[in-house]
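Asker: The following block contains the structure, expressed as C-alpha coordinates.
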Amino acid sequence: MQSQILKRERFKVDGWLILFFLLAAFGIIGMASVYMKGQEASYNVTRDVSWGLLIIGYSFFVGITTGLSLISAFGHLFGFERFHILSRKFMWAALSALLAGFFIIFWDLGGPFRLQILRFVVNIVPFHYTSPIWWMSVLYALELPIIIIEVLLLLANKEKLTFIASIIGFIVGISAYSNMGFVFSANISRPLWHGPFVPLFFILSAIGLGAASGIIILFTNRNSLSEEKYSEALKTLSKTLFIVVLIMIFAKVWRTVTLLYGREPMTYEAVKEWIWGSLAFNFWFFEVFIGLVVPFILLLVSRFRSTFASIISSICAIVGIFFMRYDSIVAGQIVPVTDIYLPEKEIVHYCPSFAEITLFISAVGVLGLIYILGTRILQLEEENHE
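Here the sequence shown is numbered in our numbering, starting from 5 and rising by one per residue.
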(Lines of atoms letter the chains of each structure in order from A and count residues from 1; the text may use other names and numbers.)
(Lines give C-alpha, C1' and ligand atoms only; values in the text may rest on other atoms or scores of the structure.)
Protein backbone atom coordinates (compact mmCIF):
# COMPACT_ATOMS: atom_id res chain seq x y z
CA MET A 1 0.00 0.00 0.00
CA GLN A 2 2.78 2.40 0.90
CA SER A 3 4.67 1.74 -2.34
CA GLN A 4 1.52 2.59 -4.31
CA ILE A 5 0.93 5.86 -2.49
CA LEU A 6 4.40 7.31 -1.91
CA LYS A 7 7.05 8.00 -4.50
CA ARG A 8 10.42 6.35 -4.15
CA GLU A 9 12.57 8.92 -5.94
CA ARG A 10 14.38 11.65 -4.08
CA PHE A 11 12.43 14.80 -3.15
CA LYS A 12 13.29 17.66 -5.51
CA VAL A 13 13.30 21.37 -4.64
CA ASP A 14 12.93 23.70 -7.63
CA GLY A 15 11.94 27.25 -8.45
CA TRP A 16 8.18 26.59 -8.35
CA LEU A 17 8.36 25.14 -4.86
CA ILE A 18 10.40 28.10 -3.63
CA LEU A 19 8.05 30.59 -5.34
CA PHE A 20 4.91 29.18 -3.74
CA PHE A 21 6.67 28.92 -0.37
CA LEU A 22 7.55 32.62 -0.57
CA LEU A 23 3.99 33.50 -1.58
CA ALA A 24 2.65 31.52 1.38
CA ALA A 25 5.16 33.19 3.70
CA PHE A 26 4.13 36.63 2.41
CA GLY A 27 0.98 36.31 4.51
CA ILE A 28 3.07 36.61 7.68
CA ILE A 29 2.76 40.38 7.20
CA GLY A 30 -1.03 40.22 7.41
CA MET A 31 -0.93 37.68 10.23
CA ALA A 32 1.39 39.91 12.25
CA SER A 33 -0.91 42.88 11.66
CA VAL A 34 -3.94 40.93 12.89
CA TYR A 35 -1.99 39.64 15.89
CA MET A 36 -0.66 43.08 16.94
CA LYS A 37 -3.47 45.43 15.86
CA GLY A 38 -6.53 43.19 15.65
CA GLN A 39 -8.86 42.56 12.75
CA GLU A 40 -10.77 45.82 12.94
CA ALA A 41 -7.59 47.86 12.44
CA SER A 42 -6.08 45.44 9.90
CA TYR A 43 -8.99 44.89 7.52
CA ASN A 44 -10.93 47.53 5.56
CA VAL A 45 -14.27 45.86 6.20
CA THR A 46 -16.91 47.93 7.96
CA ARG A 47 -20.48 47.55 9.18
CA ASP A 48 -21.63 48.50 5.68
CA VAL A 49 -19.18 46.27 3.77
CA SER A 50 -18.66 43.39 6.17
CA TRP A 51 -17.64 40.78 3.57
CA GLY A 52 -14.34 41.72 1.99
CA LEU A 53 -11.45 40.13 0.11
CA LEU A 54 -11.07 37.21 2.51
CA ILE A 55 -14.68 36.07 2.06
CA ILE A 56 -14.36 36.65 -1.69
CA GLY A 57 -11.13 34.63 -1.71
CA TYR A 58 -12.82 31.81 0.21
CA SER A 59 -15.64 31.55 -2.33
CA PHE A 60 -13.07 31.67 -5.14
CA PHE A 61 -10.82 28.88 -3.82
CA VAL A 62 -13.65 26.52 -2.90
CA GLY A 63 -15.06 27.22 -6.37
CA ILE A 64 -11.86 25.74 -7.81
CA THR A 65 -12.38 22.75 -5.50
CA THR A 66 -15.94 22.24 -6.68
CA GLY A 67 -15.00 22.66 -10.34
CA LEU A 68 -12.12 20.19 -10.28
CA SER A 69 -14.22 17.71 -8.29
CA LEU A 70 -16.98 17.94 -10.89
CA ILE A 71 -14.55 17.55 -13.80
CA SER A 72 -13.04 14.49 -12.13
CA ALA A 73 -16.49 13.11 -11.29
CA PHE A 74 -17.48 13.31 -14.96
CA GLY A 75 -14.78 10.73 -15.63
CA HIS A 76 -15.73 8.39 -12.78
CA LEU A 77 -19.51 8.63 -12.93
CA PHE A 78 -20.23 9.08 -16.61
CA GLY A 79 -17.28 7.24 -18.13
CA PHE A 80 -15.74 10.25 -19.87
CA GLU A 81 -12.19 8.95 -20.22
CA ARG A 82 -10.86 12.33 -21.31
CA PHE A 83 -11.87 13.79 -17.94
CA HIS A 84 -10.47 10.76 -16.13
CA ILE A 85 -6.96 11.08 -17.58
CA LEU A 86 -5.49 13.06 -14.66
CA SER A 87 -8.11 12.44 -11.99
CA ARG A 88 -5.55 11.91 -9.22
CA LYS A 89 -3.94 15.29 -9.79
CA PHE A 90 -7.30 16.96 -10.32
CA MET A 91 -8.53 15.72 -6.96
CA TRP A 92 -5.27 16.59 -5.21
CA ALA A 93 -5.52 20.11 -6.67
CA ALA A 94 -9.14 20.24 -5.46
CA LEU A 95 -8.00 19.30 -1.96
CA SER A 96 -5.21 21.90 -2.12
CA ALA A 97 -7.70 24.62 -3.13
CA LEU A 98 -10.09 23.62 -0.34
CA LEU A 99 -7.31 23.87 2.27
CA ALA A 100 -6.36 27.27 0.84
CA GLY A 101 -9.99 28.33 1.22
CA PHE A 102 -10.06 27.13 4.83
CA PHE A 103 -6.80 28.98 5.45
CA ILE A 104 -8.17 32.30 4.24
CA ILE A 105 -11.55 31.97 5.97
CA PHE A 106 -9.70 31.15 9.19
CA TRP A 107 -8.23 34.66 9.17
CA ASP A 108 -11.63 36.22 8.49
CA LEU A 109 -13.28 34.64 11.53
CA GLY A 110 -13.49 36.65 14.71
CA GLY A 111 -10.64 35.92 17.10
CA PRO A 112 -8.49 33.68 14.87
CA PHE A 113 -6.28 32.72 17.80
CA ARG A 114 -9.09 31.08 19.74
CA LEU A 115 -9.65 27.38 19.51
CA GLN A 116 -11.36 27.40 16.12
CA ILE A 117 -12.07 23.67 16.13
CA LEU A 118 -14.10 24.02 19.33
CA ARG A 119 -15.95 27.02 17.92
CA PHE A 120 -16.72 25.04 14.77
CA VAL A 121 -18.11 22.10 16.74
CA VAL A 122 -20.21 24.41 18.90
CA ASN A 123 -21.68 25.98 15.77
CA ILE A 124 -22.43 22.58 14.23
CA VAL A 125 -23.92 20.59 17.10
CA PRO A 126 -26.99 22.79 17.76
CA PHE A 127 -28.87 21.97 14.55
CA HIS A 128 -29.65 25.38 13.07
CA TYR A 129 -31.21 23.79 10.01
CA THR A 130 -32.95 27.05 9.01
CA SER A 131 -29.60 28.85 8.66
CA PRO A 132 -27.88 28.78 5.23
CA ILE A 133 -24.49 29.43 6.84
CA TRP A 134 -24.99 26.46 9.17
CA TRP A 135 -25.64 24.23 6.17
CA MET A 136 -22.55 25.63 4.46
CA SER A 137 -20.46 24.74 7.51
CA VAL A 138 -21.88 21.23 7.66
CA LEU A 139 -21.46 20.54 3.94
CA TYR A 140 -17.87 21.75 3.81
CA ALA A 141 -17.10 19.82 6.98
CA LEU A 142 -18.27 16.76 5.05
CA GLU A 143 -16.53 17.65 1.79
CA LEU A 144 -13.01 17.76 3.26
CA PRO A 145 -12.89 14.13 4.50
CA ILE A 146 -14.74 12.94 1.39
CA ILE A 147 -12.08 14.45 -0.91
CA ILE A 148 -9.29 13.03 1.26
CA ILE A 149 -10.88 9.57 1.10
CA GLU A 150 -11.36 9.88 -2.66
CA VAL A 151 -7.69 10.81 -3.14
CA LEU A 152 -6.57 7.83 -1.05
CA LEU A 153 -8.86 5.48 -2.97
CA LEU A 154 -7.50 6.79 -6.27
CA LEU A 155 -3.96 6.22 -5.07
CA ALA A 156 -4.85 2.69 -3.97
CA ASN A 157 -6.60 1.93 -7.32
CA LYS A 158 -9.86 0.96 -5.61
CA GLU A 159 -12.11 1.62 -8.58
CA LYS A 160 -15.43 0.44 -7.10
CA LEU A 161 -14.94 2.36 -3.87
CA THR A 162 -13.71 5.38 -5.82
CA PHE A 163 -16.93 5.28 -7.84
CA ILE A 164 -19.02 5.36 -4.63
CA ALA A 165 -16.89 8.16 -3.17
CA SER A 166 -17.28 10.10 -6.43
CA ILE A 167 -21.06 9.87 -6.22
CA ILE A 168 -21.05 11.15 -2.64
CA GLY A 169 -18.48 13.83 -3.45
CA PHE A 170 -20.45 14.94 -6.50
CA ILE A 171 -23.63 15.40 -4.45
CA VAL A 172 -21.91 17.08 -1.50
CA GLY A 173 -19.77 19.32 -3.74
CA ILE A 174 -22.75 20.58 -5.76
CA SER A 175 -24.78 21.06 -2.57
CA ALA A 176 -22.01 22.87 -0.70
CA TYR A 177 -21.15 25.40 -3.39
CA SER A 178 -24.71 26.11 -4.48
CA ASN A 179 -25.60 26.52 -0.80
CA MET A 180 -22.80 29.09 -0.55
CA GLY A 181 -24.56 30.96 -3.33
CA PHE A 182 -27.77 30.63 -1.31
CA VAL A 183 -26.05 32.36 1.62
CA PHE A 184 -25.97 35.44 -0.59
CA SER A 185 -29.24 34.99 -2.47
CA ALA A 186 -31.25 34.41 0.72
CA ASN A 187 -30.32 37.92 1.93
CA ILE A 188 -33.44 39.86 1.03
CA SER A 189 -31.94 43.13 2.26
CA ARG A 190 -29.39 42.95 -0.59
CA PRO A 191 -31.59 42.87 -3.73
CA LEU A 192 -28.59 42.56 -6.08
CA TRP A 193 -27.96 39.09 -4.62
CA HIS A 194 -31.53 38.06 -3.86
CA GLY A 195 -33.00 35.45 -6.20
CA PRO A 196 -31.97 32.18 -7.85
CA PHE A 197 -29.30 33.68 -10.13
CA VAL A 198 -26.39 33.64 -7.65
CA PRO A 199 -26.43 29.88 -6.75
CA LEU A 200 -26.74 28.95 -10.44
CA PHE A 201 -23.94 31.32 -11.42
CA PHE A 202 -21.76 29.91 -8.63
CA ILE A 203 -22.06 26.41 -10.08
CA LEU A 204 -21.51 27.66 -13.64
CA SER A 205 -18.39 29.57 -12.59
CA ALA A 206 -17.16 26.53 -10.65
CA ILE A 207 -17.29 24.42 -13.82
CA GLY A 208 -15.38 27.17 -15.61
CA LEU A 209 -12.76 27.28 -12.86
CA GLY A 210 -12.50 23.49 -12.97
CA ALA A 211 -12.04 23.38 -16.75
CA ALA A 212 -9.51 26.23 -16.70
CA SER A 213 -7.53 24.74 -13.80
CA GLY A 214 -7.71 21.34 -15.49
CA ILE A 215 -6.15 22.74 -18.67
CA ILE A 216 -3.27 24.22 -16.66
CA ILE A 217 -2.71 20.93 -14.82
CA LEU A 218 -2.90 19.06 -18.12
CA PHE A 219 -0.29 21.37 -19.65
CA THR A 220 2.14 20.90 -16.73
CA ASN A 221 1.83 17.11 -17.14
CA ARG A 222 1.95 16.96 -20.95
CA ASN A 223 5.28 15.08 -20.96
CA SER A 224 3.78 12.15 -19.06
CA LEU A 225 0.96 11.67 -21.60
CA SER A 226 0.89 10.41 -25.14
CA GLU A 227 0.32 13.03 -27.83
CA GLU A 228 -3.08 11.56 -28.66
CA LYS A 229 -4.34 11.54 -25.08
CA TYR A 230 -3.03 15.04 -24.45
CA SER A 231 -4.68 16.45 -27.59
CA GLU A 232 -8.02 14.78 -26.85
CA ALA A 233 -8.07 15.93 -23.23
CA LEU A 234 -7.03 19.47 -24.20
CA LYS A 235 -9.78 19.67 -26.80
CA THR A 236 -12.44 18.37 -24.39
CA LEU A 237 -11.48 20.71 -21.53
CA SER A 238 -11.18 23.66 -23.92
CA LYS A 239 -14.65 22.98 -25.30
CA THR A 240 -16.01 22.78 -21.77
CA LEU A 241 -14.44 26.13 -20.92
CA PHE A 242 -15.76 27.66 -24.14
CA ILE A 243 -19.32 26.54 -23.40
CA VAL A 244 -19.10 28.02 -19.89
CA VAL A 245 -17.75 31.32 -21.27
CA LEU A 246 -20.52 31.41 -23.88
CA ILE A 247 -23.23 30.87 -21.24
CA MET A 248 -21.61 33.48 -19.00
CA ILE A 249 -21.67 36.05 -21.80
CA PHE A 250 -25.36 35.40 -22.40
CA ALA A 251 -26.22 35.49 -18.68
CA LYS A 252 -24.06 38.55 -17.95
CA VAL A 253 -25.51 40.62 -20.79
CA TRP A 254 -29.15 39.93 -20.03
CA ARG A 255 -28.79 40.18 -16.26
CA THR A 256 -27.07 43.56 -16.58
CA VAL A 257 -29.61 44.85 -19.14
CA THR A 258 -32.53 43.62 -17.04
CA LEU A 259 -31.24 45.22 -13.84
CA LEU A 260 -30.59 48.53 -15.60
CA TYR A 261 -33.95 48.50 -17.36
CA GLY A 262 -35.91 47.61 -14.23
CA ARG A 263 -34.35 50.42 -12.13
CA GLU A 264 -35.11 48.52 -8.92
CA PRO A 265 -34.01 50.55 -5.88
CA MET A 266 -30.57 49.60 -4.53
CA THR A 267 -30.03 47.14 -7.40
CA TYR A 268 -29.98 49.90 -10.03
CA GLU A 269 -27.44 51.89 -8.01
CA ALA A 270 -25.27 48.79 -7.58
CA VAL A 271 -25.28 48.01 -11.31
CA LYS A 272 -24.38 51.63 -12.09
CA GLU A 273 -21.26 51.09 -9.99
CA TRP A 274 -20.40 48.23 -12.37
CA ILE A 275 -20.98 50.22 -15.53
CA TRP A 276 -19.50 53.65 -14.80
CA GLY A 277 -18.83 53.80 -11.07
CA SER A 278 -16.09 52.66 -8.71
CA LEU A 279 -16.12 49.09 -10.08
CA ALA A 280 -16.21 50.06 -13.78
CA PHE A 281 -12.57 49.21 -14.51
CA ASN A 282 -12.91 45.81 -12.86
CA PHE A 283 -16.11 45.17 -14.79
CA TRP A 284 -15.07 46.26 -18.28
CA PHE A 285 -11.44 45.22 -18.26
CA PHE A 286 -11.19 42.16 -16.02
CA GLU A 287 -14.71 40.71 -16.25
CA VAL A 288 -15.76 41.52 -19.79
CA PHE A 289 -12.51 41.82 -21.74
CA ILE A 290 -10.11 39.50 -19.88
CA GLY A 291 -12.64 37.03 -18.52
CA LEU A 292 -15.06 36.70 -21.43
CA VAL A 293 -13.93 38.32 -24.70
CA VAL A 294 -10.34 37.04 -24.76
CA PRO A 295 -11.17 33.36 -23.96
CA PHE A 296 -14.10 33.41 -26.38
CA ILE A 297 -12.03 34.71 -29.30
CA LEU A 298 -8.91 32.62 -28.61
CA LEU A 299 -10.78 29.34 -28.19
CA LEU A 300 -13.01 29.99 -31.20
CA VAL A 301 -10.15 30.94 -33.52
CA SER A 302 -7.89 28.08 -32.37
CA ARG A 303 -10.74 25.55 -32.66
CA PHE A 304 -9.67 24.08 -29.30
CA ARG A 305 -6.43 22.67 -30.72
CA SER A 306 -3.84 25.24 -29.64
CA THR A 307 -2.09 24.72 -26.32
CA PHE A 308 -1.06 28.38 -26.17
CA ALA A 309 -4.60 29.64 -26.81
CA SER A 310 -6.08 27.25 -24.24
CA ILE A 311 -3.54 28.21 -21.55
CA ILE A 312 -4.02 31.95 -22.07
CA SER A 313 -7.80 31.46 -22.14
CA SER A 314 -7.66 29.48 -18.90
CA ILE A 315 -5.61 32.11 -17.07
CA CYS A 316 -7.88 34.87 -18.35
CA ALA A 317 -11.01 32.94 -17.35
CA ILE A 318 -9.71 32.36 -13.83
CA VAL A 319 -8.85 36.05 -13.44
CA GLY A 320 -12.20 37.09 -14.90
CA ILE A 321 -14.22 34.78 -12.65
CA PHE A 322 -12.38 36.08 -9.59
CA PHE A 323 -13.33 39.66 -10.47
CA MET A 324 -16.89 38.59 -11.24
CA ARG A 325 -17.05 37.27 -7.71
CA TYR A 326 -15.33 40.34 -6.29
CA ASP A 327 -17.54 42.84 -8.09
CA SER A 328 -20.82 41.08 -7.33
CA ILE A 329 -20.07 40.68 -3.61
CA VAL A 330 -18.75 44.22 -3.18
CA ALA A 331 -21.49 45.85 -5.31
CA GLY A 332 -24.13 44.11 -3.24
CA GLN A 333 -22.87 45.87 -0.11
CA ILE A 334 -21.70 49.34 -1.10
CA VAL A 335 -25.29 50.57 -1.64
CA PRO A 336 -26.59 51.22 1.89
CA VAL A 337 -29.80 49.56 3.03
CA THR A 338 -32.67 52.03 2.83
CA ASP A 339 -35.53 52.19 5.28
CA ILE A 340 -37.93 54.82 6.60
CA TYR A 341 -36.39 54.36 10.04
CA LEU A 342 -32.78 54.69 8.84
CA PRO A 343 -31.07 57.91 7.80
CA GLU A 344 -30.11 58.09 4.14
CA LYS A 345 -26.49 57.29 3.38
CA GLU A 346 -24.32 57.80 0.36
CA ILE A 347 -22.76 54.90 -1.52
CA VAL A 348 -19.76 53.62 0.38
CA HIS A 349 -16.58 52.24 -1.13
CA TYR A 350 -14.36 49.31 -0.32
CA CYS A 351 -10.70 48.72 -1.09
CA PRO A 352 -8.85 45.73 0.43
CA SER A 353 -6.23 46.60 3.01
CA PHE A 354 -2.61 45.57 2.64
CA ALA A 355 -3.14 42.90 5.31
CA GLU A 356 -6.08 41.42 3.37
CA ILE A 357 -4.07 41.40 0.14
CA THR A 358 -1.10 39.66 1.77
CA LEU A 359 -3.37 36.98 3.23
CA PHE A 360 -5.00 36.39 -0.16
CA ILE A 361 -1.60 36.08 -1.84
CA SER A 362 -0.59 33.75 0.97
CA ALA A 363 -3.63 31.55 0.25
CA VAL A 364 -2.54 31.33 -3.40
CA GLY A 365 0.87 30.22 -2.13
CA VAL A 366 -0.74 27.65 0.19
CA LEU A 367 -2.67 26.18 -2.76
CA GLY A 368 0.42 25.92 -4.96
CA LEU A 369 2.67 24.69 -2.16
CA ILE A 370 0.33 21.87 -1.08
CA TYR A 371 -0.22 20.82 -4.70
CA ILE A 372 3.49 20.72 -5.56
CA LEU A 373 4.38 18.91 -2.33
CA GLY A 374 1.77 16.30 -3.20
CA THR A 375 3.14 15.82 -6.71
CA ARG A 376 6.66 15.34 -5.27
CA ILE A 377 5.71 12.97 -2.45
CA LEU A 378 2.60 11.08 -3.63
CA GLN A 379 2.28 8.74 -6.60
CA LEU A 380 -0.19 10.95 -8.45
CA GLU A 381 0.73 9.78 -11.95
CA GLU A 382 -2.02 7.76 -13.57
CA GLU A 383 -1.42 4.14 -14.54
CA ASN A 384 -0.95 3.51 -18.25
CA HIS A 385 -3.93 1.50 -19.53
CA GLU A 386 -2.82 1.38 -23.13
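Note that the Cβ used here is the ideal one computed from N, Cα and C, for glycine as well.
Using 10 angstroms around the beta-carbon of N286, count the other beta-carbons present and answer buried if the total reaches 16, otherwise exposed.
Answerer: Translated into positions along the sequence shown, residue 286 becomes position 282. With 16 or more other Cβ atoms within 10 Å, it is buried.
Asker: Beta-carbon within less than 6 Å of Q337's beta-carbon, same chain only, minus the 5 sequence neighbours each way: which residues are those?
Answerer: As a first step, residue 337 must be located in the sequence shown, where it is residue number 333. Same-chain partners within the cutoff: V53.
Asker: Apart from the five residues on each side of it in sequence, which residues of its chain come closer than 6 Å, Cβ to Cβ, to K93?
Answerer: Taking the first residue of the sequence shown as 1, we reach residue 93 at position 89. I221 and L384, listed in sequence order.
Asker: So for L58, helix, strand or coil by DSSP?
Answerer: Here residue 58 corresponds to residue number 54 of the sequence shown, with the count starting at 1. In the structure shown, L58 sits in a helix (DSSP, three-state: H, G or I).
Asker: Can you round the beta-carbon distance between G314 and L373 to whole angstroms, since I take them to be within the 8 Å contact cut?
Answerer: Along the sequence shown, one-based indexing puts residue 314 at 310. Along the sequence shown, one-based indexing puts residue 373 at 369. Just to set this straight, residue 314 is Ser in the shown sequence, not Gly. Not a contact, Cβ separation roughly 25 Å.
Asker: So, under 8 Å CB-CB, L245 and I207 are touching, yes? Tell me the CB distance rounded to an integer number of Å.
Answerer: Translated into the one-based positions of the sequence shown, residue 245 becomes position 241. Translated into the one-based positions of the sequence shown, residue 207 becomes position 203. Actually they are not in contact, since the Cβ atoms of L245 and I207 sit about 15 Å apart, beyond 8 Å.
Asker: Under the three-state reduction of DSSP, which class applies to L196: helix, strand or coil?
Answerer: Along the sequence shown, one-based indexing puts residue 196 at 192. Three-state result, L196: coil.
Asker: Beta-carbon within less than 8 Å of L58's beta-carbon, same chain only, minus the 5 sequence neighbours each way: which residues are those?
Answerer: As a first step, residue 58 must be located in the sequence shown, where it is residue number 54. The answer, listed in chain order, is Y47, I108, I109, W111, D112, E360, L363 and F364.
Asker: Let me know the secondary structure DSSP gives L382 once reduced to three states.
Answerer: Numbered from its first residue, the sequence shown carries residue 382 at position 378. Three-state result, L382: strand.
Asker: Skipping 5 residues on each side, what residues in its chain have a beta carbon closer than 8 Å to that of G212?
Answerer: Counted from its first residue, the sequence shown places residue 212 at position 208. So the qualifying residues of the chain are G71, L245, V248, V249, M252, A321 and I325.
Asker: Give the straight-line distance between the Cα atoms of T271 and A45, rounded to the nearest whole angstrom.
Answerer: Position 267 of the sequence shown, counting from 1, holds the residue named residue 271. Position 41 of the sequence shown, counting from 1, holds the residue named residue 45. Approximately 30 Å between the Cα atoms of the pair.
Asker: Taking 8 Å as the cut-off, decide whether the C-beta atoms of L241 and A215 are in contact.
Answerer: Walking along the sequence shown from the start, residue 241 turns up at place 237. Walking along the sequence shown from the start, residue 215 turns up at place 211. Yes, Cβ-Cβ distance for L241 and A215 is below 8 Å.
Asker: Looking at the strands, I want to know which residues DSSP matches up with L10.
Answerer: Reading the sequence shown from its first residue, position 6 is the one you call residue 10. L382, per the DSSP bridge assignment.
Asker: Just confirm the distance between the C-beta atoms of L229 and I89, as a whole number of angstroms; I'd bet it's less than 8 Å.
Answerer: As a working note, residue 229 is residue 225 in the sequence shown. As a working note, residue 89 is residue 85 in the sequence shown. The Cβ separation is near 7 Å, so the contact holds.
Asker: Verify whether the separation of the beta carbon atoms of A284 and V339 is less than 8 Å.
Answerer: Sequence index remark: in the sequence shown, residue 284 carries index 280 (1-based). Sequence index remark: in the sequence shown, residue 339 carries index 335 (1-based). No, the pair does not count as a contact, with Cβ atoms beyond the cut-off.
Asker: On the three-state DSSP scale, how would you describe E350?
Answerer: The count along the sequence shown starts at 1 and reaches residue 350 at position 346. Three-state DSSP puts E350 in coil, outside helix and strand.
Asker: Report the residue from I152, E13, G19 and V66 whose alpha carbon sits nearest the alpha carbon of A367.
Answerer: Along the sequence shown, one-based indexing puts residue 367 at 363. Nearest C-alpha to A367: V66.
Asker: In terms of residue numbering, what span does the alpha helix (DSSP H) encompassing G212 cover?
Answerer: As a first step, residue 212 must be located in the sequence shown, where it is residue number 208. Its alpha helix (DSSP H) spans residues F201 to T224.
Asker: Starting from D2, trace the alpha helix (DSSP H) both ways and give me its first and last residue.
Answerer: The first residue shown for the chain is 5 and the last is 390, placing residue 2 beyond what the model contains.
Asker: Assuming S282 contacts H353 (C-beta within less than 8 Å), just tell me the rounded distance between them.
Answerer: Locating residue 282 in the sequence shown gives position 278, counting from the first residue. Locating residue 353 in the sequence shown gives position 349, counting from the first residue. With a Cβ gap of about 5 Å, S282 and H353 count as contacting.
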